[in-house]
Amino acid sequence: MALPKQSEDFPAWYQAVVKGAELAEPSLVRGTMVIRPYGFAIWERIQQAVDRRIKETGHENLYFPLLIPSKLLEKEAEHVEGFAPEVAVVTQAGGEKLEEPIVIRPTSETIIWATYAKWIQSYRDLPLLYNQWANVVRWELRPRLFLRTTEFLWQEGHTAHETAEEAMAEARTILERVYRETVEDDMALPVRLGRKSASQRFPGAVETLAMEALMRDGRALQAGTSHYLGQNFAKAYDVKFLGRDGKEDYAWASSWGVSTRLVGGLIMAHGDDAGLRLPPALAPIQVVIVPIYRTDEEKAAVTESLTPAVAALKAAGVRVRTDDREEHRPGYKFNEWELKGVPIRLEIGPKDLAKGEIVLYRRDLRQKSPVPLEGLAEYIPGVLAGIQDELFAQALAFREGRTFRPSSYEELKALVKDPGGFIEALWCGRPSCEERVKADTKATIRALPLDPAPVQGLCIVCGEPATELAVWAQAY
RNA sequence: CGGGACGUAGCGCAGCUUGGCAGCGCGCCUGCUUUGGGAGCAGGAGGCCGGGAGUUCAAAUCUCCCCGUCCCGACCA
Numbered sequence: 001m002a003l004p005k006q007s008e009d010f011p012a013w014y015q016a017v018v019k020g021a022e023l024a025e026p027s028l029v030r031g032t033m034v035i036r037p038y039g040f041a042i043w044e045r046i047q048q049a050v051d052r053r054i055k056e057t058g059h060e061n062l063y064f065p066l067l068i069p070s071k072l073l074e075k076e077a078e079h080v081e082g083f084a085p086e087v088a089v090v091t092q093a094g095g096e097k098l099e100e101p102i103v104i105r106p107t108s109e110t111i112i113w114a115t116y117a118k119w120i121q122s123y124r125d126l127p128l129l130y131n132q133w134a135n136v137v138r139w140e141l142r143p144r145l146f147l148r149t150t151e152f153l154w155q156e157g158h159t160a161h162e163t164a165e166e167a168m169a170e171a172r173t174i175l176e177r178v179y180r181e182t183v184e185d186d187m188a189l190p191v192r193l194g195r196k197s198a199s200q201r202f203p204g205a206v207e208t209l210a211m212e213a214l215m216r217d218g219r220a221l222q223a224g225t226s227h228y229l230g231q232n233f234a235k236a237y238d239v240k241f242l243g244r245d246g247k248e249d250y251a252w253a254s255s256w257g258v259s260t261r262l263v264g265g266l267i268m269a270h271g272d273d274a275g276l277r278l279p280p281a282l283a284p285i286q287v288v289i290v291p292i293y294r295t296d297e298e299k300a301a302v303t304e305s306l307t308p309a310v311a312a313l314k315a316a317g318v319r320v321r322t323d324d325r326e327e328h329r330p331g332y333k334f335n336e337w338e339l340k341g342v343p344i345r346l347e348i349g350p351k352d353l354a355k356g357e358i359v360l361y362r363r364d365l366r367q368k369s370p371v372p373l374e375g376l377a378e379y380i381p382g383v384l385a386g387i388q389d390e391l392f393a394q395a396l397a398f399r400e401g402r403t404f405r406p407s408s409y410e411e412l413k414a415l416v417k418d419p420g421g422f423i424e425a426l427w428c429g430r431p432s433c434e435e436r437v438k439a440d441t442k443a444t445i446r447a448l449p450l451d452p453a454p455v456q457g458l459c460i461v462c463g464e465p466a467t468e469l470a471v472w473a474q475a476y
């Protein structure tokens, strides 16, 4: 029952939390998972937060099919090369071998751009600002619950534009407005935004932008990506339009996505040795009430005092639940709700009732304090807001404390190993130096500046003049 | 796919070396007593010992093959 300690075995801790908090469990096909109601409720809230911002920034949802002719995938050379190894292919259906194999989408650029070709003729048809919520399948070699499952849920936005500038600006807007705001404001998780190096780029993209979050074991998690695709897909799928100048041109593209992986990030960034710590904005249950009593009279009194309090909390928009299970004693419930990460627990028994108080436990600080029962519904929302801020502040402080500027390559190598974190260092831009760091430390470049600025100094690896400040880390 | 660990009740494990009634803890069911940090007692249910083949009077245990899970790599949202 006791959780492994984060400091002793982080992967074991992670699995125990996912299972113990009833978020998800592995299913029968390797790498697939069942997302349980509590885990799905968290995902639904993330989903709603992302979806709201996607719509606020002018996009519409639509839906493309799961199945794609395999020939379509082959049209964009880099794209097929990047995804071929992990694509699942249907070769038989309806009791017969298919004349042409069908792939299960690993991402939908191909089917979408093949369709956009029919929808776009004129600059007047642009831009297309569409998004879909979907499942995709990638045959990953080493699955981990939420972080890398064979099938996962995500949103994928696919936009088509008249100009390169507009497509690039779109990729930036999604990253900075939609993604960063969701992850920082709702998930209480600070992220570093940046460009990916060529080796980390999405297959078929001209530029890949991403947000990176730091987990409590010092490793980085790519929390979302936003790609500027140039005209690569338009050319592969022949998406041409007649411009204002009367000339024909290929459309410019962006694509972007966040997935159920965010749930994994939430667990690993905020969780502690007692389990999950959920930010109030996403917690399916924000306040759990544990009534305490010995006799029937006490039970009646406690219940009576709670009825108006619960009603008032609900009226104040608080997601509250009373744990009135008879089969468990309070201590058991305390541990269970802490494991499940509920931000606030209220304990009320005869002693509190006599004083007109209730005991409030903050999951983020693991501290108890008495508060007046009177005016509870006015008080709680402020505490929830405080917990949201506190979780962000803790995550930010952790990241700051784990961000390093080594002055030598030796120091860089030592820091990646112990304690791990974001390592900022100058880089010459050569893939060979990036390769060497990876070979020596397993760390990769997680982010390059969104807006490249000239730098003074030498590459930390080779000592040649540097071109950029890179952020390195071991990644999930 | 390479290296390592492991598959025995829902979960966690012992038993295997040296073949001989399949066990322990938690959980589950029933009853009573309990309830402010993972309750106590009593009774009870639950097994293709991952699968197959072999050795043997006899296999959870020995041999061979297969399947699966987890960890570390390469790949990745």
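At position 246 of the first sequence (counting the first as 1) the number is 246 in this note's numbering, and the numbers step up by one without a gap.
We put the beta carbon where it would ideally sit given N, CA and C, even for glycine.
Predicted, not measured: the structure shown is a model, and the values here were computed from it.
Under the three-state reduction of DSSP, which class applies to residue i: helix, strand or coil?
i	result
G194	strand
S122	strand
H478	Only positions 1 to 476 of the chain appear in this structure, which leaves residue 478 out of reach.
D324	coil
I285	coil
F422	strand
S199	helix
P350	helix
M481	Shown here, the chain extends from 1 to 476; a query on residue 481 therefore has no answer.
I460	coil
L480	No information on residue 480 is available, as it lies outside the stretch 1 to 476 that the chain covers here.
L229	strand
D272	strand
I174	helix
G265	helix
A220	strand
D249	strand
S7	coil
G204	coil
Y63	coil
Y361	strand
K75	coil
Tell me the rounded alpha-carbon separation between residue i and residue j.
i	j	result
E74	V416	38 Å
Y331	G271	One detail in the question is off: residue 331 reads as Gly in this sequence, not Tyr. Answer to the nearest angstrom: the Cα atoms are 20 Å apart.
L72	S108	11 Å
V461	E8	32 Å
I292	P419	44 Å
I120	T225	25 Å
V471	L98	47 Å
Y250	A236	10 Å
E374	A12	43 Å
V371	P452	52 Å
Measuring CB to CB, does residue i end up less than 7 Å from residue j?
i	j	result
A473	A439	no
L129	T159	yes
V137	I174	no
E140	R148	yes
Y228	E207	yes
V288	R345	yes
A316	D186	no
S27	V34	yes
G341	L276	yes
G457	L426	yes
A274	E338	yes
A253	F233	yes
P69	F83	no
F146	T260	yes
E78	P203	yes
R53	V178	yes
Count the other CB atoms within 10 Å of the CB of residue i; is the residue buried (16 or more) or exposed (fewer)?
i	result
G230	buried
W256	buried
S408	exposed
T91	exposed
Y63	exposed
E96	exposed
R45	buried
Q47	buried
D352	buried
G356	exposed
H59	buried
N131	buried
D245	exposed
P343	buried
Quick check: does the Cβ of residue i come within less than 6 Å of any heavy atom belonging to the ligand ATP?
i	result
A443	This structure does not include the ligand ATP; it has no bound ligands of any sort.
> Taking the runs of the alpha helix (DSSP H) that are 4 residues or longer, which of them lie wholly in the segment 93-138?
Replying inline: 109-119
>> What ranges does the beta strand (DSSP E) occupy inside the segment 373-445, keeping only unbroken runs of at least 3 residues that lie completely in it?
In response: 422-427
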